[in-house]
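Report on the following structure.
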Amino acid sequence: MTPPRLLLCGFGSFPKAPLNPSAAVIATLAREMWSPPEVETDYLTLPVQWRGSVETILRQLQARPAQGVLVVGVAVGADSFRVETLGRNCAATERPDQAGRIWDSCEINSAGPDLLPASAPCEAMLQAIGRRELAAVASDDAGDYLCNFTLYRLLQARAADQIGFLHVPQARECASDAAFTLAQVQAAVCAAAEAFAADLSCRAAGRRTA
Ligand code: PCA
Numbered sequence: 237m238t239p240p241r242l243l244l245c246g247f248g249s250f251p252k253a254p255l256n257p258s259a260a261v262i263a264t265l266a267r268e269m270w271s272p273p274e275v276e277t278d279y280l281t282l283p284v285q286w287r288g289s290v291e292t293i294l295r296q297l298q299a300r301p302a303q304g305v306l307v308v309g310v311a312v313g314a315d316s317f318r319v320e321t322l323g324r325n326c327a328a329t330e331r332p333d334q335a336g337r338i339w340d341s342c343e344i345n346s347a348g349p350d351l352l353p354a355s356a357p358c359e360a361m362l363q364a365i366g367r368r369e370l371a372a373v374a375s376d377d378a379g380d381y382l383c384n385f386t387l388y389r390l391l392q393a394r395a396a397d398q399i400g401f402l403h404v405p406q407a408r409e410c411a412s413d414a415a416f417t418l419a420q421v422q423a424a425v426c427a428a429a430e431a432f433a434a435d436l437s438c439r440a441a442g443r444r445t446a
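What follows is the structure in structure tokens.
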């Protein structure tokens, strides 16, 4: 029986985070071929682009479908890890992306619902990060930039059975005034991915016995 597949994504640089800890962690995990035991894991770095981030994920999923997608981004200025529980149909119209382009509507999709709940096991991810003694909270507001945009659009497209988002704080190796280290960010990402993978694997086993 083939194990379920988890796609783990991080974001590249953008004006407020020239060095993005999410991309740094994803690159390290990919190089080490790290994976939670119950799943096969693919890795992807996303461009911070209104027209580009979601398309990059959808192209990857077409080539290699995954049951779970966990996207990791940095919340500059956050003092804890934030498991995002909602995608909101809103976007900043005045914030250029890494390519210098803006999104010209305050909605992501004028025909879409206002809110879409994340389908990942948010509570389990939260507990898992807490067990590593890292401050973690559930958040119902991922902002109005590319992170919320990507979460909302993936949920709306039902790009995978389960879709989740982890916002991490900035890391000292990427910005000198940060409170966390890259090792702590990596520990939180691994904890969240392990909890997500355990849930994916449980569901797959449930489907086999149903
Ligand atoms: N953080 C930004 C976009 C990419 C990232 O890592 C955000 O919070 O929207």
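Positions in the sequence shown are counted from 1; adding 236 to them yields the working numbering.
For each residue, glycine too, the CB sits at the ideal point set by N, CA and C.
{"Check": "Cβ shell of Ser258 (< 7 angstroms), same chain only, five flanking positions each side left out", "Outcome": "Gly246, Phe247, Val308, Gly309, Val310 and Val404"}
{"Check": "Cβ-Cβ distance between Val305 and Ala423 below 7 angstroms", "Outcome": "no"}
{"Check": "Assumed close pair Thr277, Leu244 - CB separation to whole angstroms, cut-off 8 angstroms", "Outcome": "6 angstroms"}
{"Check": "Proximal residues to Val425 (C-beta, below 6 angstroms), its chain only, five neighbours per side dropped", "Outcome": "Val261 and Val308"}
{"Check": "Which residues DSSP lists as bridging Val310, in chain order", "Outcome": "Val404"}
{"Check": "Terminal residues of the beta strand (DSSP E) in which Arg367 lies", "Outcome": "Per DSSP, Arg367 belongs to no beta strand (DSSP E); it is in the alpha helix (DSSP H), Cys358 to Arg367."}
{"Check": "Residues sharing a beta bridge with Pro353, DSSP", "Outcome": "Leu322"}
{"Check": "Secondary structure of Glu276, DSSP reduced to three states", "Outcome": "strand"}
{"Check": "Cβ-based neighbour list, Arg287, same chain, cut-off 8 angstroms, excluding 5 preceding and 5 following", "Outcome": "Arg337"}
{"Check": "Euclidean distance between Cα positions of Val275 and Pro239", "Outcome": "5 angstroms"}
{"Check": "Beta carbon of Asp272 nearer than 7 angstroms to that of Ala429", "Outcome": "Per the sequence shown, residue 272 should be read as Pro rather than Asp. In contact: Pro272 and Ala429 (Cβ atoms closer than 7 angstroms)."}
{"Check": "Separation of Pro353 from Trp339, as counted between CA atoms", "Outcome": "23 angstroms"}
{"Check": "Straight-line Cα distance separating Cys383 from Val319", "Outcome": "12 angstroms"}
{"Check": "beta-carbon Cys383 near ligand 1 non-hydrogen atom, thresh 6 angstroms", "Outcome": "yes"}
{"Check": "Identity of the residue in Pro251, Ser289, Ser412 and Ala433 nearest Gln334 by Cα", "Outcome": "Pro251"}
{"Check": "Any non-hydrogen atom of ligand 1 within 6 angstroms of Ser316 CB", "Outcome": "no"}
{"Check": "N-terminal and C-terminal residue of the beta strand (DSSP E) that Arg241 is part of", "Outcome": "Arg241 to Phe247"}
{"Check": "Ser289, enclosing alpha helix (DSSP H) - first and last residue", "Outcome": "Ser289 to Ala299"}
{"Check": "Trp270 versus Phe317 - alpha carbon distance", "Outcome": "21 angstroms"}
{"Check": "Thr321 burial status per 10 Å Cβ neighbour count (16 or more: buried)", "Outcome": "buried"}
{"Check": "Residue closest to Ser355, alpha-carbon to alpha-carbon, out of Leu390, Gln363 and Asp380", "Outcome": "Leu390"}
{"Check": "Backbone CA spacing between Cys410 and Gln285 [nearest angstrom]", "Outcome": "20 angstroms"}
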